[in-house]
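As structure tokens, the structure follows; a few thoughts come after it.
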Amino acid sequence: MAGKGDLLYAWTTDDELRAKAETGGAVTALLRHALESGMVDGVFAVRKGADVYDAVPALITDPAEIGGIAGSLHCGTLLLPKQMRRCLLATEPNMRIATVLKGCDVKAIYEMAKRGQVNLDNIIIGLNCGGTIRPETARTIVRERLGLDPDDVVKEEIDKGKFIVETKDGQHKGISIDELEEGAEDLLGNEGLGRRSNCRRCKIKIPRQADLACGNWGVIGERAGKATFVEVCSEKGANLLNSAVAAGAVATEPANPKGIEIRGKVENAMLKLGDKWRERYFGALGEGTERLNKIKEQTSRCIKCYSCIENCPICYCIDCSTRRDYLVEPGVIPPPFMFHLIRFAHISDSCVNCGQCEELCPVEISNSVFLHAIQTELEKLFGFHPGEDMTPPVLALVDERAERDRLAATGSDQIFDIFR
Ligand code: FAD
Ligand code: SF4
Ligand code: SF4
Ligand code: SF4
121 MAGKGDLLYA WTTDDELRAK AETGGAVTAL LRHALESGMV DGVFAVRKGA DVYDAVPALI
181 TDPAEIGGIA GSLHCGTLLL PKQMRRCLLA TEPNMRIATV LKGCDVKAIY EMAKRGQVNL
241 DNIIIGLNCG GTIRPETART IVRERLGLDP DDVVKEEIDK GKFIVETKDG QHKGISIDEL
301 EEGAEDLLGN EGLGRRSNCR RCKIKIPRQA DLACGNWGVI GERAGKATFV EVCSEKGANL
361 LNSAVAAGAV ATEPANPKGI EIRGKVENAM LKLGDKWRER YFGALGEGTE RLNKIKEQTS
421 RCIKCYSCIE NCPICYCIDC STRRDYLVEP GVIPPPFMFH LIRFAHISDS CVNCGQCEEL
481 CPVEISNSVF LHAIQTELEK LFGFHPGEDM TPPVLALVDE RAERDRLAAT GSDQIFDIFR
């Protein structure tokens with residue numbers, strides 16, 4: 121019987137599923153078992169959309185359809201908990217879900233849970249993550265660096281630090297991620313090719329806040345490429361795994377000690393790389409007035425589309441302060457700097473560096489760099505680590521519902537009556 125803290129190799133006992141899966145297929149087999157055994161009503165994950173660069177959210181309620189979500193999509197940059205809230209939980213709040221999340225997704229779900237947007241009773245299968253590549257960046261790499269037609273690619277993977285593609289006529293070509301990223305000159309404008317800026321700065325490689333943390337690092341010997349490395353992170357995760365093993369859906373064995381050592385070394389190397397990129401990005405932003413001016417200069421391109429607000433896991437207010445005309449003058453493009461200051465004030469203690477505000481900004485403003493830089497400063501000041509556990513954020517000074525009731529009773533929406 122597996123217990124919290126165990127490190128295992130696991131694989132599906134279904135050969136058809138294993139052929140579709142990324143490594144051992146343990147993740148998909150566990151999801152199918154959770155559905156079949158009635159532990160959950162649905163599985164919320166991602167599946168391939170129009171092509172290998174396209175990841176779309178998927179809700180699976182029929183176990184027979186589970187094979188459609190197997191495999192890793194390294195251009196799958198979407199933030200799943202926000203989509204889950206938007207597509208599903210807004211209408212089906214009591215649905216019991218099993219979901220598959222990368223590190224930034226896991227951090228986001230914790231911060232969303234603190235804000236009453238989701239609940240953590242759901243089963244969370246975490247994926248180790250070395251990074252994701254924006255779909256349009258991946259297409260550029262394939263065209264310009266690999267000399268292939270991006271539309272001919274039928275499979276992509278990131279393996280041992282290389283981005284590798286396979287075309288429909290069987291060609292395999294790859295290029296090192298370091299080589300792609302070393303062209304990064306001006307980090308606040310041209311950052312070269314490779315992973316998203318937030319992924320370079322990311323330091324959550326093995327998401328231990330999940331119920332199970334799954335990946336391929338550390339699978340060596342005859343199991344290499346054929347098993348999933350599973351770290352059991354909670355009792356809930358242990359129960360799911362034990363139940364799947366008892367039902368014959370998944371097989372396991374203790375992880376190879378040498379493999380455990382290798383996994384630890386790779387994780388540490390990735391964390392150091394994250395530190396290096398943080399230094400470079402935050403250094404490029406400068407400090408004090410220089411930093412403020414750089415932020416003001418970039419945000420002067422803003423077209424006030426609200427994408428950064430709508431896609432941030434930390435933003436959840438129904439009445440967004442940026443829409444108050446006494447704070448942000450309406451009908452003005454670019455909006456007054458106050459528009460961005462409100463966002464910074466509301467989010468910065470809890471930013472989980474998911475990158476959505478940057479990736480989805482139509483005018484390419486380095487939003488996540490700004491917020492992540494401020495967040496790391498606040499983390500040093502207050503010791504608050506967003507997305508790691510259920511500790512309330514620094515700014516959680518009021519209970520919002522009670523505060524809204526109080527404000528409604530006074531006929532004002534202002535805490536301080538400064539506009540009298
Ligand atoms: P499968 O049974 O194939 O199931 C895969 C699951 O992943 C499916 O549920 C699918 O919906 C989900 N999924 C696919 N793409 C995404 C995505 N973009 N975002 C969220 N969910 C997704 N492991 C490491 O040890 N080191 C790494 O550096 C590493 N980097 C990764 C980067 C990305 C972007 C992804 C998605 C995974 C990464 N993994 C990494 C995990 C590894 O690729 C396998 O997912 C893991 O070993 C589980 O294998 P499996 O055969 O059990 O999964
Ligand atoms: Fe993976 Fe981290 Fe990038 Fe999220 S921010 S996709 S966890 S590398
Ligand atoms: Fe993600 Fe940007 Fe929100 Fe930070 S501010 S949590 S990077 S969307
Ligand atoms: Fe402005 Fe970009 Fe945010 Fe849109 S996503 S409101 S353009 S900063």
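When you line the sequence shown up against this note's numbering, it's residues 121 to 540, in that order. For glycine and all other residues, C-beta sits at the position ideal for the given N, C-alpha and C. Remember, predicted model here, so these are calculated numbers, not experimental data.
{"Query": "Residue environment, R263, which counts as buried when at least 16 other CB atoms sit within 10 Å", "Result": "exposed"}
{"Query": "Beta-bridge partners of G335, as assigned by DSSP", "Result": "F349"}
{"Query": "Bridge partner(s) assigned by DSSP for H292", "Result": "E286"}
{"Query": "Reference K234; option with closest CA among L527, G294 and L515", "Result": "L515"}
{"Query": "beta-carbon K494 near ligand 4 non-hydrogen atom, thresh 7 Å", "Result": "Before going on, a small fix: residue 494 reads as Ile here, not Lys. No, ligand 4 has no heavy atom inside 7 Å of this Cβ."}
{"Query": "For F502, the three-state DSSP class (helix, strand or coil)", "Result": "helix"}
{"Query": "CB contact flag (A141, T132, <8 Å)", "Result": "yes"}
{"Query": "Cβ pair I245, V160 closer than 8 Å", "Result": "no"}
{"Query": "Any chain C beta carbon closer than 8 Å to K293", "Result": "Included in the structure is just one protein chain, with no chain C present."}
{"Query": "Straight-line Cα distance separating R265 from T419", "Result": "31 Å"}
{"Query": "Among R167, P177 and G188, the one whose alpha carbon lies nearest that of E136", "Result": "G188"}
{"Query": "Spatially closest choice to Y401 from L307, I380 and L247, by CA coordinates", "Result": "L307"}
{"Query": "Any non-hydrogen atom of ligand 4 within 7 Å of I462 CB", "Result": "no"}
{"Query": "Residues near ligand 4, criterion Cβ-heavy atom distance below 6 Å", "Result": "C422, I423, K424, C425, Y426, S427, C428, C481, P482, V483, I485 and N487"}
{"Query": "Check: P327 C-beta below 7 Å from any heavy atom of ligand 3", "Result": "no"}
{"Query": "Neighbourhood of R167 by C-beta distance below 7 Å, restricted to the same chain and skipping five residues each side", "Result": "V176, A178, G188 and I189"}
{"Query": "First and last residue of the uninterrupted alpha helix (DSSP H) at R343", "Result": "No alpha helix (DSSP H) contains R343, which DSSP labels as neither H nor E."}
{"Query": "Delimiting residues of the beta strand (DSSP E) encompassing E276", "Result": "V273 to D279"}
{"Query": "Helix, strand or coil at L193 [DSSP, three-state]", "Result": "coil"}
{"Query": "Inter-residue CB distance, C474 and A228 (contact presumed, cutoff 8 Å)", "Result": "6 Å"}
{"Query": "Per-residue DSSP class, three states only, for F464", "Result": "helix"}
{"Query": "S470 burial status per 10 Å Cβ neighbour count (16 or more: buried)", "Result": "buried"}
{"Query": "DSSP state of P177 mapped onto helix, strand, coil", "Result": "strand"}
{"Query": "Selected residue, minimal CA-CA separation from I253, among M232, D272, D269 and G314", "Result": "G314"}
{"Query": "Cβ contact check for the region 461-468 and the region 492-504: 3 or more pairs under 8 Å", "Result": "yes"}
{"Query": "Under the three-state DSSP convention, the category E497 falls into", "Result": "helix"}
{"Query": "N- and C-terminal bounds of the beta strand (DSSP E) containing G246", "Result": "I243 to L247"}
{"Query": "Residue span of the beta strand (DSSP E) that contains I217, given as start and end", "Result": "I217 to L221"}
{"Query": "Boundaries of the alpha helix (DSSP H) in which E478 is found, first to last residue", "Result": "Q476 to E479"}
{"Query": "Straight-line gap, D289 to V273 (C-alpha atoms, nearest Å)", "Result": "9 Å"}
{"Query": "CB-CB length for I423 against T442, believed under 8 Å", "Result": "In fact, because the Cβ distance is near 14 Å, the residues do not count as touching under 8 Å."}
{"Query": "Local Cβ density within 10 Å of D182, reported as buried at 16 or more and exposed below that", "Result": "exposed"}
{"Query": "Limits of the unbroken beta strand (DSSP E) element including G162", "Result": "G162 to K168"}
{"Query": "Where the alpha helix (DSSP H) containing P377 begins and where it ends", "Result": "P377 to L405"}
{"Query": "Y446 - DSSP class collapsed to helix/strand/coil", "Result": "coil"}
{"Query": "Through-space distance from N431 to P506, alpha-carbon basis", "Result": "17 Å"}
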